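Student: So this note's numbering is basically just the index in the sequence shown, starting at one, shifted up by 95.
Where is the CB? At the ideal position from N, CA and C, for every residue including glycine.
Remember, predicted model here, so these are calculated numbers, not experimental data.
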Amino acid sequence: MAGETLITIIGNMVDEPELRFTPAGAAVCKFRVASTPRVFDRQTNEWKDGESLFLPCSVWRQQAEHAAESLQKGMRVIVQGRLKQRSYEDREGIKRTVFEMDVEEVAPSLLRATAVVTKAAGKGAPEVQQARRQQGAASAEDPWAQGTPGTGRPAGGGGGWGSGEDSEPPF
């Protein structure tokens, strides 16, 4: 939508993800991410931590359930979504303003970790598999799961990056 502030934040989860359900049954997972910039101090000739930003995040529906199962406190994550501002009065009558993030995408950072991704079955999975069988597809499985071991390449074709099997990615 126009006028929304989309941001990407990279940081560490400071809470265990908390999964709850609305009265209508929609899943929501809440967690906080701390992002700390590194700044170079020219006087001491060293890198130092800057001031941390603690940002509450909410992710909804099926992705909320996936986040609650996959993420944990202390993990470095990459979070993209809409920045929201909310104002309220506290118990003492003082006006407060908080910033929150409505998450569109969340993933573990692979900078200092590895991850194993498991494709979740969607609502239409059986219908998709049936359609593949009817179209004469060789397999109803995910082609990436049967790729060349250790390469991340799909089965049954060149490397996907270029003309040769051993070609490098374009980056």
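If you run the structure through DSSP and keep just helix, strand and coil, what is serine 130?
Tutor: In the structure shown, serine 130 sits in a strand (DSSP, three-state: E or B).
Student: If you measure between the beta carbons of alanine 129 and glycine 98, is that distance less than 9 Å?
Tutor: No, the pair does not count as a contact, with Cβ atoms beyond the cut-off.
Student: Whole angstroms are fine: how far does the CA of threonine 192 sit from the CA of tryptophan 256?
Tutor: Caution applies to tryptophan 256, whose pLDDT of 42 falls short of 50 and renders its modelled position unreliable; the model cannot decide the point.
Student: Whole-angstrom Cβ separation of valine 154 and valine 201, contact assumed at under 8 Å?
Tutor: Yes, they are in contact, since the Cβ atoms of valine 154 and valine 201 sit about 6 Å apart, within 8 Å.
Student: Distance, Cα to Cα, glutamate 111 vs valine 123?
Tutor: Roughly 14 Å separates the two Cα atoms.
Student: With DSSP run on the structure shown, which of helix, strand or coil describes alanine 97?
Tutor: Residue state, collapsed to three classes: coil.
Student: Return the bridge partner residues of serine 182 from the DSSP annotation.
Tutor: Bridge partners of serine 182: Thr192.
Student: So the candidates are Thr139, Thr103, Gln157; which of them puts its Cα closest to the Cα of lysine 214?
Tutor: It is Gln157 whose Cα lies nearest to the Cα of lysine 214.
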